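Here the sequence shown is numbered in the numbering used here, starting from 1 and rising by one per residue. We treat Cβ as the ideally placed atom computed from N, Cα and C, and that holds for glycine. These numbers come from a predicted model, not from an experiment. Written below as structure tokens is the structure these notes are about.
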Amino acid sequence: PIRPKLVSTYVSSLLPHEMFLWIDPKNPSRALLWISTPTSSANPNVPNMLITDISRARQGTFTEIAAGNWNQFFPGAADPANYDFDLALHSMTPSFDGRRTYLAYLRGGFGILDTSKVANNQIAAGTAENLNDDLLTPAPFPTWGTGPQCEGHTALGCAESHSAVPLPGRPFAITIDEVYGTFTVPSFGWPWGWARLWNVAQPRRPHMLSEYKIFQNTVAFRPSVDPATEQFTSYSSHNPTVTRNLVLDSWHSGGLQAIDVEDPGNPAQTGWFSPSPLANVALEDPALSRGPNKV
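Right, dumping it as structure tokens:
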């Protein structure tokens, strides 16, 4: 059997959160790691994202080649309370060619960044490119639901941008909100989070085409939400795996959702899988440990 082997470690003074490994399609020996380092700071010198060359990781060599923080472009960002202390980059997805990076910006919404200099290896050796001025989507970004601030528990939902992923080879992207129960934040709970499809043909003005929800995200389910469900259960979208016409999303208590996005203006459930978990799995995450069908 194959056993994983630790070949080196990469240490940063920042707290990493989500990562995306990109292999240069023009040079398979070139590997870059996009890393989100969420911060509510509006200081342009405190990164929300790093891009690190890990091509020589086996030799213990890691080279930070780019960084950026776009909080300073959001009105009132110097006071984090204006965004419920939640203006930060949660995750990011570069396009296949690496020239664009799709940003999931929590209460800040969804934007697109020009990373063509990174993809084309146009950064001088020994330097770290500042990407602060390379936004294709001007900030503040498009948002949804109740926007930068959220009291919660309305049909609009809280904007909590968790993932932003392009549909391969198509001028569309999907964004995912992740919203837990009130156990984590009082404004969370029903209607939790769901998915949205976007037209990104004009990255300066991405516009929403449609939404995808399950029944528990709708007003019709609201009367069934008892205090325990509100506090400890989450029927929220989470981690998407995206192909050209199909999205697979781990929808917390909603199970694995298979979403047909061939028509991005009309996403539809094409299948689902909701297993009964083992007891030790169901209790692994206290924010998701109540209610059936956890994945």
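Nearest neighbour of residue i, chosen from the options [CA to CA]
i, options, result
"V179", "F172, E160, R196", "E160"
"D86", "A77, P94, T127, M92", "A77"
"A66", "P168, N45, Q269", "N45"
"S95", "E211, L32, D260", "L32"
"R204", "S29, H17, P38, P142", "P142"
"V261", "F273, V165, I51", "V165"
"A195", "S224, Y235, I112", "Y235"
"T93", "F273, S274, W34", "W34"
"T39", "E129, D134, P264, Q72", "Q72"
"Q257", "F232, Y212, G265", "Y212"
"P28", "R56, F172, F273", "R56"
"T154", "S36, F221, Q59", "F221"
"P148", "S41, V185, Y105", "Y105"
"S41", "Q59, G60, W70, S274", "W70"
Outcome for residue i when other beta-carbon atoms lying within 10 angstroms are tallied against a minimum of 16
i, result
"P75", "exposed"
"R107", "buried"
"S276", "exposed"
"H207", "exposed"
"P25", "exposed"
"D84", "buried"
"L156", "exposed"
"L15", "exposed"
"I232", "This sequence places Phe at residue 232; Ile is not what is there. Flag for F232 reads buried."
"F172", "buried"
Straight-line gap, residue i to residue j (C-alpha atoms, nearest Å)
i, j, result
"D79", "T182", "24 angstroms"
"S116", "F215", "40 angstroms"
"L209", "F110", "14 angstroms"
"T241", "D249", "6 angstroms"
"S187", "W251", "19 angstroms"
"N323", "W22", "One cannot answer for residue 323 here, as it falls past the ends of the chain, which runs 1 to 295."
"R170", "R99", "14 angstroms"
"I54", "N48", "19 angstroms"
"G68", "P267", "33 angstroms"
"R30", "Q202", "29 angstroms"
"F62", "T270", "42 angstroms"
"L167", "T243", "6 angstroms"
"L103", "N239", "15 angstroms"
"E18", "D177", "15 angstroms"
"I112", "D134", "9 angstroms"
"G145", "N217", "13 angstroms"
"G265", "I51", "33 angstroms"
"N43", "S237", "31 angstroms"
"W198", "D263", "11 angstroms"
"E151", "G255", "27 angstroms"
"V200", "T101", "12 angstroms"
"F20", "N130", "19 angstroms"
"V185", "A81", "14 angstroms"
"T37", "G60", "21 angstroms"
"I259", "C158", "22 angstroms"
"S315", "L89", "Since the first and last residues shown for the chain are 1 and 295, residue 315 lies out of range."
"D114", "D97", "12 angstroms"
"S253", "N245", "24 angstroms"
"W272", "R58", "40 angstroms"
Beta-carbon separation (whole angstroms), residue i vs residue j, contact threshold 8 angstroms
i, j, result
"V247", "I174", "6 angstroms"
"H162", "S91", "7 angstroms"
"A125", "E64", "Their Cβ separation, rounded to whole angstroms, is 12 angstroms, which puts A125 and E64 out of contact at 8 angstroms."
8 angstroms Cβ cutoff, residue i in contact with chain D
i, result
"P75", "No chain D appears in the structure shown, which is made up of a single protein chain."
Problem - Stretch-stretch touch, CB-based, cutoff 8 angstroms, three pairs: the segment 122-142 with the segment 223-234 - result: no
Exercise for the section: Flag this pair as touching only if the segment 191-198 and the segment 111-121 have three or more C-beta atom pairs under 8 angstroms; answer yes or no. Expected result: no
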